[in-house]
Amino acid sequence: MTEQATGAHHPQPRPRSGAQTPSPVEHVTGAQSLIRSLEEVGAEIVFGIPGGAILPAYDPLMDSSKVRHVLVRHEQGAGHAATGYAQATGKVGVCMATSGPGATNLVTPIADAHMDSVPLVAITGQVASKSIGTDAFQEADICGITMPITKHNWLVTDAAEIPRTIAEAFHVASTGRPGPVLVDIAKDALQSMTTFSWPPHTDLPGYRPVTKPHSKQIREAARLITQSRRPVLYVGGGVLKADATAELKVFAELTGAPVTTTLMALGAFPDSHPQHLGMPGMHGSVAAVTSLQKADLIVALGARFDDRVTGRLESFAPHAKIVHADIDPAEIGKNRTADVPIVGDAREVLADLIVAVQAEHAEGHRGDYTEWWADLDRWRATYPLGYDDPEDGSLSPQRVIQRLGQLAPEDTIWTAGVGQHQMWAAHFIGYERPRTWLNSGGAGTMGYAVPAAMGAKAGAPERTVWAVDGDGCFQMTNQELVTCALNNLPVKVAIINNGALGMVRQWQTLFYDQRYSNTVLHSGPGDHGTPAPAAGTRVPDFVKLAEAMGCVGLRCEDPADLDKVIAEANAINDRPVVVDFIVHQDAMVWPMVAAGTSNDEIFAARGVRPDFDGIDAD
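First residue of the sequence shown: 771, per the numbering used here; consecutive thereafter.
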């Protein structure tokens, strides 16, 4: 088993019975052993749907188990809910499904969690041991299917192996680079009698994540930081996974270097901090994107130099030396060669870097970034994030999202689908604290927002949870609002409704001569790029749909009503709320680096190419 990582997370709480005090041996079924094991590893909530092969595991859930089960409407919803729970709480998310289609419906959320390094345990039922490999009813080789998208997976055919497997699964999911694992259990293993005691003996040969960085590499990184003239801290989601945000703030202020936070790292460093340049990448701020391009040193912390950030890789940051710190050695050098590779937990790396930079300062070595900050501040002032309100007086999607952020209660958790609304939510909502921004980064999974919000609300019931969704994304997983309504999970959903697949439409506008093939959502075949109809003629009517699912449905299409409608939604806390914001169809996300091009070719707005004269790149 290899260790794959962009960040570290700290394990689940120790088993309740304690490592030194084994519980008495009990005679139980395999299913009872499974539920007892989940209790011992500290699992609080399982999102799932019963079915034939997993059904034995559902019976002991009725026996006053400490594990709460949330009955979802689709297994994909269970997986994304478990991810949202994990991202909001820092704990391991758990989902459960039956064999065959139940298990395969978990593939998308497992792949999503794998790309974004989310600790997830997926438990699936499997056909009886004797039937495995015979193409039995509802049989699927889910271990084989998920092998490329899990840290590890297990097929359990012996009931005696259930406690050990569950203990190992939670350990692997939550340590090193966190990620999803899968435990597939044959139905006869769940039905047969066995013994249960805790803690079990675990055996994970070869799984030894390195958390402590090498001191020589730390010293070399500190030396480069104090010698550089144009350093940038490139902060990825690994810093959040490692709970290293406090150390990051100390380190950034100690060095005085500018900070960029990726889409997966928003909230790791306060948006309002004067050293924060914003988000880099395809739709990042001009200052953040250009700082990386013009840097002479990039200190990458829990980030993986993915294509959305680098643009055309060979043209990325051509003059920069690279310090790359990551808990997964496979990430270092994968896309960009590191001059100083550092393998370790982001919190420990930052703690050691702080000490090393302090030592450099004590010896009189301190970086002078005065000219660098003059350039950065000029770019920030010249090319700030912004938008224009539509000339026809319709509702601006950017303004909707900005006001949502400004009017939401403090400490609100935000989830987002994928597309234009996701980028606008990244731009126009301020993220001051960790674990307040949850989204699908690596996989870009439409339909993520609603079930992830459900999971976040289950894990943090005292906090407001807003899902910012598009009308395309919302129609993929909105059935989970029924789950929310029936389980006292009063999430709030803002549908940014432009009647189209917005980001695809933007690309069709820019790169396909405005040939709007199959991106209009509210009309039938042959209707290409027509203006959006009035709200009352749209299909579906999201207000009526919300009400049918036990939620409050609201609509806003007049800018004059925006604040009033948002306030009304914020005041409702006993049921889920869905607000259908009818927005302008042709709004676009800017800045933008077109796919496959260099970050040097960033557009601040349509037709506006920034001017960066005066930068000495030697």
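All C-beta atoms, glycine included, are put in the ideal place defined by N, C-alpha and C.
Counting the other Cβ atoms within 10 Å of the Cβ of MET832 gives fewer than 16, which makes it exposed. Contact between GLY1240 and GLN1355 fails: their C-beta atoms lie close to 12 Å from each other, not under 8 Å. Between the stretch 1051-1058 and the stretch 1009-1026, the count of C-beta pairs closer than 8 Å stays below three; the two stretches do not touch. Remark: C-beta atoms of ARG1106 and ILE1092 approach each other more closely than 9 Å. In the DSSP assignment, HIS941 is bridged to no other residue. Residue state for ARG1325 is assigned as strand, using DSSP reduced to three classes. Here DSSP, grouped into helix, strand and coil, assigns ILE1342 to coil. The beta carbon of LYS861 sits closer than 6 Å to none of the beta carbons in its chain outside the five residues before and after it. Exclusion of the five residues before and after MET1034 leaves ASP886, GLY1006, GLY1007 and GLY1211 as the residues of its chain whose Cβ lies within less than 7 Å of its Cβ. Less than 9 Å divides the Cβ of GLY1048 from the Cβ of LEU1155.
When the alpha-carbon of GLY895 is set against those of PRO879, ALA873, THR916 and ASN1209, the nearest one is in ALA873.
The closest CA to that of GLU814, considering only GLY822, GLY821, VAL795 and ALA852, is found on ALA852. Spatial neighbours of ASN875 in its own chain (CB-CB distance under 7 Å, excluding positions within 5 residues in sequence) are listed in chain order as HIS844, GLU845, GLN846 and ALA867. Leaving aside the five residues that flank CYS1243 on each side, the residues in its chain whose CB is nearer than 7 Å to its CB run, in chain order, GLY1187, VAL1188, GLY1189, MET1216, GLY1217 and ALA1219. Look at ALA992 here: in three-state DSSP terms it is helix. DSSP lists VAL1002 and ILE1092 as the beta-bridge partner residues of ILE1068. Following the DSSP letters along the chain, one finds TRP968 in no beta strand (DSSP E), marked with neither H nor E. Here the C-alpha atom of HIS1043 lies approximately 11 Å from the C-alpha atom of GLY1200. In this structure, SER835 and PRO889 do not form a Cβ contact; the two beta carbons are roughly 21 Å apart against a cut-off of 8 Å.
When the Cα atoms are used, PHE1373 and ILE919 turn out to be separated by approximately 35 Å. A check of alpha carbon separations from PRO794 across PRO969, VAL891, ASP954 and ILE805 identifies PRO969 as the nearest.
Bridge partners of TRP1184 according to DSSP: TRP1207 and TRP1236.
If one requires a minimum length of 3 residues, the beta strand (DSSP E) runs lying completely within the stretch 884-942 are 890-896 and 922-926, in chain order. The straight-line gap separating the alpha-carbon atoms of GLY821 and THR878 is approximately 19 Å.
Per DSSP, the continuous beta strand (DSSP E) segment holding MET866 begins and ends at 863-867. A residue is called buried when at least 16 other Cβ atoms come within 10 angstroms of its Cβ; MET1319 meets this threshold and is buried.
Under the three-state reduction of DSSP, ALA1100 is assigned to coil, being neither helix nor strand.
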